[in-house]
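Asker: Below you'll find the structure I mean.
Number of protein chains: 2
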Amino acid sequence: MNIQTSLDAAAGSLSLPQPYLLFLGDTTQRGYAKTAFGLRDWAPEKCVGEYALPGATVSAGLEQFTPVEAKARGARSLLIGVANSGGVIPESWMPALFEALDAGLDIVSGMHMRLADMPELAARAERLGRQLIDVRHPPSGLKVGTGRKRSGKRLLTVGTDCALGKKYTALAIARAFAARDVDADFRATGQTGIMIAGGGVPMDAVVSDFEAGAAEAVSPDATPDHWDVIEGQGSLFHPAYAAVSLGLLHGSQPDVIVVCHEPGREEVMGTPGYRLPGIEETIDLNLRLGARTNPAIRCAGVSFNTAHMDAEAAAALMETESARLGIPVADPIRGGVAFDRLVDSCLA
Amino acid sequence: MNIQTSLDAAAGSLSLPQPYLLFLGDTTQRGYAKTAFGLRDWAPEKCVGEYALPGATVSAGLEQFTPVEAKARGARSLLIGVANSGGVIPESWMPALFEALDAGLDIVSGMHMRLADMPELAARAERLGRQLIDVRHPPSGLKVGTGRKRSGKRLLTVGTDCALGKKYTALAIARAFAARDVDADFRATGQTGIMIAGGGVPMDAVVSDFEAGAAEAVSPDATPDHWDVIEGQGSLFHPAYAAVSLGLLHGSQPDVIVVCHEPGREEVMGTPGYRLPGIEETIDLNLRLGARTNPAIRCAGVSFNTAHMDAEAAAALMETESARLGIPVADPIRGGVAFDRLVDSCLA
Numbered sequence: 001m002n003i004q005t006s007l008d009a010a011a012g013s014l015s016l017p018q019p020y021l022l023f024l025g026d027t028t029q030r031g032y033a034k035t036a037f038g039l040r041d042w043a044p045e046k047c048v049g050e051y052a053l054p055g056a057t058v059s060a061g062l063e064q065f066t067p068v069e070a071k072a073r074g075a076r077s078l079l080i081g082v083a084n085s086g087g088v089i090p091e092s093w094m095p096a097l098f099e100a101l102d103a104g105l106d107i108v109s110g111m112h113m114r115l116a117d118m119p120e121l122a123a124r125a126e127r128l129g130r131q132l133i134d135v136r137h138p139p140s141g142l143k144v145g146t147g148r149k150r151s152g153k154r155l156l157t158v159g160t161d162c163a164l165g166k167k168y169t170a171l172a173i174a175r176a177f178a179a180r181d182v183d184a185d186f187r188a189t190g191q192t193g194i195m196i197a198g199g200g201v202p203m204d205a206v207v208s209d210f211e212a213g214a215a216e217a218v219s220p221d222a223t224p225d226h227w228d229v230i231e232g233q234g235s236l237f238h239p240a241y242a243a244v245s246l247g248l249l250h251g252s253q254p255d256v257i258v259v260c261h262e263p264g265r266e267e268v269m270g271t272p273g274y275r276l277p278g279i280e281e282t283i284d285l286n287l288r289l290g291a292r293t294n295p296a297i298r299c300a301g302v303s304f305n306t307a308h309m310d311a312e313a314a315a316a317l318m319e320t321e322s323a324r325l326g327i328p329v330a331d332p333i334r335g336g337v338a339f340d341r342l343v344d345s346c347l348a
Numbered sequence: 349m350n351i352q353t354s355l356d357a358a359a360g361s362l363s364l365p366q367p368y369l370l371f372l373g374d375t376t377q378r379g380y381a382k383t384a385f386g387l388r389d390w391a392p393e394k395c396v397g398e399y400a401l402p403g404a405t406v407s408a409g410l411e412q413f414t415p416v417e418a419k420a421r422g423a424r425s426l427l428i429g430v431a432n433s434g435g436v437i438p439e440s441w442m443p444a445l446f447e448a449l450d451a452g453l454d455i456v457s458g459m460h461m462r463l464a465d466m467p468e469l470a471a472r473a474e475r476l477g478r479q480l481i482d483v484r485h486p487p488s489g490l491k492v493g494t495g496r497k498r499s500g501k502r503l504l505t506v507g508t509d510c511a512l513g514k515k516y517t518a519l520a521i522a523r524a525f526a527a528r529d530v531d532a533d534f535r536a537t538g539q540t541g542i543m544i545a546g547g548g549v550p551m552d553a554v555v556s557d558f559e560a561g562a563a564e565a566v567s568p569d570a571t572p573d574h575w576d577v578i579e580g581q582g583s584l585f586h587p588a589y590a591a592v593s594l595g596l597l598h599g600s601q602p603d604v605i606v607v608c609h610e611p612g613r614e615e616v617m618g619t620p621g622y623r624l625p626g627i628e629e630t631i632d633l634n635l636r637l638g639a640r641t642n643p644a645i646r647c648a649g650v651s652f653n654t655a656h657m658d659a660e661a662a663a664a665l666m667e668t669e670s671a672r673l674g675i676p677v678a679d680p681i682r683g684g685v686a687f688d689r690l691v692d693s694c695l696a
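Those protein sequence lines, which keep their order, are chains B and E. Residue numbers for the first sequence follow the numbering used here, so the first one is 1 and each next one is one higher. Residue numbers for the second sequence follow the numbering used here, so the first one is 349 and each next one is one higher.
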């Protein structure tokens, strides 16, 4: 899988300085270190090591280096791999951030608070010629969509709701494609995905007029046999976020969609009273709307997030659902034959 | 028609200082004065008069006042009612803008270039305690949508494409409602509409994550018999702008849609090769997607922009189309019995 993307070549998309030194701060709660774990799991080759402050109890299990040591081993940036409850960069991290800049590393952050809005950090970075990169903020230069058909093949993960596995499914499919020697890039559309890929556009932060255009920039023209495997966002059925999903669908022009779902979830996240759509309904609406920019769009299968189920129950449910829907249903994290069938169907 | 909206009460929406003195600059081409003409046609009670520089040959036909005279007659702001080819505020206008600030007027602009980005103007406004208001830029404080059903009734104009009469149709319907003593507000979602209404949100400039939430803010809770008549944007079929249209549709929760179309237009504006959708297809997709946040949504009729046709041909076409579709079809600018029937259908 090639997740060192060629996004630097795509107008308006972000390109990050890799490999990273993962910064864990003084974190004592594993839940706050999701970004670091995501990078370790999906892009270990882009992680030189980790760096934590005294007092930290959470580790991503990588070798520990100071910024100077990491720089000597090829690191190009310090990546803030932890969040905290306020989403704010605490004073206690500042000496480490200065240390990174002094060592010759850029800094990459996915927090709401902008690095560039911290005056002392901004001044030091400017003086040293270092970059402060806030991946939650879209790059400049985004353009309005054109609808022009691009070369190469595209897969987009879509969902019955938010936060149920669209990023993990896209990453797993891109990895499976690579294992079959299919030329493929994972294309990131959210902050953690962008850090894993090394580039991309945070679609939910893009001005609406440029939403489809941003999606076009995320997956540029490619060779005919090349696949872009694009991380989906939100859901066409979400009363708050459907605009993001439709702009991404139109701009991505997917040849193939994979519908992501969490069995048992019945209500749309954050909007009480909104029933989750059915899988057939989700397939149908995505195909109808997606056909506007790619009339050949098809659904290759369904990805279930069965983390909350035992293996036997999950396997039985996926088999039943696959028979009912007539397409492969698999949990990419569990893998196995079911997932192989889903990948077959994507490439069919 | 109440187009002095109550938007000041709606979190995150803009409220403009009215009435206006319309500024015509040194314009010699009528095409550049569309904003001034729109205000004269749709909100004459909000225009104290007009102010032009020597050399201007275009007039909106209002009484001419200097900023000092206009202020004495109750004007609260100078509104830039003209554009020019570059979309930039020329040096030759600066003395007049200073004069307005000195006279006690705020300045309202719909140009791409921000007033606040002109250092001398910004400094003078700050010193005098005046506002510089750029309506193309969304207000701060926008929130994520909730999908919560709001009280009162809502009508949204939707389209087969961009730029074919959604704003004019909404204004004409709001005016017709008022003529029948129906309590109604025109709700603006684009720059010219915002200047006419005195408030609103430029939906195409809102960050995608907040698109539906911004639409919710544009038409807040109201009394049960009150109608918000909401200006539509873009088209669900436009490969660049559908995200804007879907966020607006979801957030507006319309009870009624009116589909706007320009007979004879066959290709989507700005995107060669994209066939314009049919009217039935446009109705069907808007109802299907709109039902997500308002299951009672219905289509009351169709608005034709027949400016390019002669009266007889336009009338014949509208009659044929109305019979074919089984709903009223009218050109609101031509008015007449056909438009009365469309208004009846909206209120039915």
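All C-beta atoms, glycine included, are put in the ideal place defined by N, C-alpha and C.
According to DSSP, E/Q412 sits in a beta bridge with which residue or residues?
Answerer: Looking at the DSSP assignment, E/Q412 forms a beta bridge with E/E398.
Asker: By the 8 Å beta-carbon criterion, what residues does the segment 111-144 of chain B contribute toward chain E?
Answerer: Within the segment 111-144 of chain B, the residues whose Cβ lies closer than 8 Å to some Cβ of chain E are V144, listed in chain order.
Asker: As a quick exercise: from E/I627, E/L463 and E/A560, pick the residue whose alpha carbon is nearest that of E/E439.
Answerer: Taking only the C-alpha atoms, the option nearest E/E439 is E/L463.
Asker: Could you give the residue range of the alpha helix (DSSP H) that holds E/R523?
Answerer: Unbroken alpha helix (DSSP H) run through E/R523: K514 to A527.
Asker: Counting only beta-carbon separations shorter than 8 Å, does E/Y622 have a partner in chain B?
Answerer: Yes, because at least one Cβ of chain B sits closer than 8 Å to the Cβ of E/Y622.
Asker: Counting only C-beta atoms, is B/S208 closer than 8 Å to chain E at any point?
Answerer: It does: the Cβ of B/S208 has a partner Cβ on chain E nearer than 8 Å.
Asker: Between E/I627 and E/V606, is the Cβ-Cβ spacing less than 8 Å?
Answerer: No. Outside cutoff.
Asker: Measuring straight from C-alpha to C-alpha, what distance separates E/W441 and E/R388?
Answerer: Using only the alpha carbons, I get a separation of about 21 Å.
Asker: Report, in whole angstroms, the separation of the C-beta atoms of B/F304 and B/P263, which I expect to be a contact under 8 Å.
Answerer: About 6 Å separates the two Cβ atoms, so the contact holds.
Asker: Nearest-angstrom Cα distance between B/V88 and B/A36?
Answerer: Rounded to the nearest angstrom, the two C-alpha atoms are 17 Å apart.
Asker: Using a Cβ-Cβ cut-off of 8 Å (strictly less than) and excluding sequence neighbours within five positions of B/A296, which residues of its own chain qualify?
Answerer: These residues qualify, in order along the chain: D255.
Asker: With a 10 Å radius around its C-beta and 16 neighbouring C-beta atoms as the bar for buried, classify E/R535 as buried or exposed.
Answerer: Buried, since its Cβ has 16 or more Cβ neighbours within 10 Å.
Asker: Which two residues bound the contiguous alpha helix (DSSP H) that contains E/V606?
Answerer: No alpha helix (DSSP H) holds E/V606; the beta strand (DSSP E) holding it covers V604 to H609.
Asker: Is the beta carbon of E/Y622 sitting closer than 8 Å to the one on E/E629?
Answerer: It is not a contact, given that the beta carbons lie outside the stated cut-off.
Asker: Enumerate in chain order the residues of its own chain whose CB-to-CB distance from E/V530 is below 7 Å, with the five nearest sequence positions on each side excluded.
Answerer: W575 and L695, listed in sequence order.
Asker: Going along the chain, which residues of the segment 251-270 of chain B sit with their C-beta nearer than 7 Å to a C-beta in chain E?
Answerer: Cβ contacts with chain E: none found.
Asker: Rounded to whole angstroms, what's the CA-CA distance from B/R154 to E/L372? Just pull it up for me.
Answerer: About 50 Å.
Asker: Closest to B/P54 by C-alpha separation, out of B/A163, B/P139, B/F210 and B/T66, would be which residue?
Answerer: The option with the nearest alpha carbon to B/P54 is B/T66.
Asker: Helix, strand or coil: how does DSSP classify B/Y241 here?
Answerer: In the structure shown, B/Y241 sits in coil (DSSP, three-state: anything other than H, G, I, E or B).
Asker: Assign B/H308 to buried or exposed, taking buried as 16 or more other Cβ atoms, counted over all protein chains shown, within 10 Å of its Cβ.
Answerer: With fewer than 16 Cβ atoms within 10 Å of its Cβ, B/H308 is classed as exposed.
Asker: If you compare alpha carbons, which of E/A560, E/D679 and E/L362 is closest to E/D482?
Answerer: Closest by alpha carbon: E/L362.
Asker: Taking only three categories from DSSP, how would you classify B/A300?
Answerer: Note: B/A300 maps to strand in three-state DSSP.
Asker: Span of the alpha helix (DSSP H) holding B/W42?
Answerer: From DSSP, the alpha helix (DSSP H) with B/W42 extends over K34 to W42.
Asker: Given that E/L594 touches chain A, what residues does it touch there, using C-beta distances under 7 Å?
Answerer: Absent from the structure is chain A; the protein chains it does hold are B and E.
Asker: Would the beta-carbon of B/P17 fall within 8 Å of that of B/C47?
Answerer: Taking 8 Å as the Cβ cut-off, B/P17 and B/C47 do not qualify as a contacting pair.
Asker: Have a look at B/A60 and B/L142 and give me their C-alpha separation to the nearest angstrom.
Answerer: Spanning the two alpha carbons is a distance of roughly 35 Å.
Asker: Which complete beta strand (DSSP E) runs does the segment 280-335 of chain B hold, if anything under 3 residues is left out?
Answerer: Taking only runs of at least 3 residues, the beta strand (DSSP E) segments lying wholly in the segment 280-335 of chain B are 298-304.
Asker: Please list the terminal residues of the continuous beta strand (DSSP E) segment that includes E/T505.
Answerer: Taken as a continuous stretch (DSSP letters only), the beta strand (DSSP E) holding E/T505 covers K501 to G507.
Asker: For E/D569, which of helix, strand or coil comes out of DSSP?
Answerer: Residue state, collapsed to three classes: coil.
Asker: Taking 8 Å as the threshold, find out whether the segment 511-518 of chain E comes into contact with the segment 556-576 of chain E through three or more Cβ pairs.
Answerer: Counting Cβ pairs under 8 Å, fewer than three are found: no touch.
Asker: So what's B/A184 in DSSP terms, helix, strand or just coil?
Answerer: Correct three-state label for B/A184: strand.
Asker: Could you check if E/N468 is buried or exposed, using at least 16 other CB atoms within 10 Å of its CB as the buried criterion?
Answerer: In the sequence on display, residue 468 of chain E carries Glu and not Asn. The residue in question, E/E468, is exposed, as its Cβ has fewer than 16 Cβ neighbours within 10 Å.
Asker: Where E/P587 and E/E447 are concerned, what is the direct C-alpha to C-alpha distance, given to the nearest angstrom?
Answerer: Approximately 44 Å, taken between the alpha carbons.
Asker: When the Cα atoms are used, what is the spatial distance from E/V549 to B/A338?
Answerer: Rounded to whole angstroms, E/V549 to B/A338 spans 48 Å at the Cα level.
Asker: With a threshold of 16 other CB atoms inside 10 Å of the CB of B/P139, please say whether the residue is buried or exposed.
Answerer: Result: buried.
Asker: Excluding the 5 residues flanking E/V492 on each side, which residues of the same chain have their C-beta closer than 7 Å to its C-beta?
Answerer: Taken in chain order, the residues that qualify are D557, F558 and G561.
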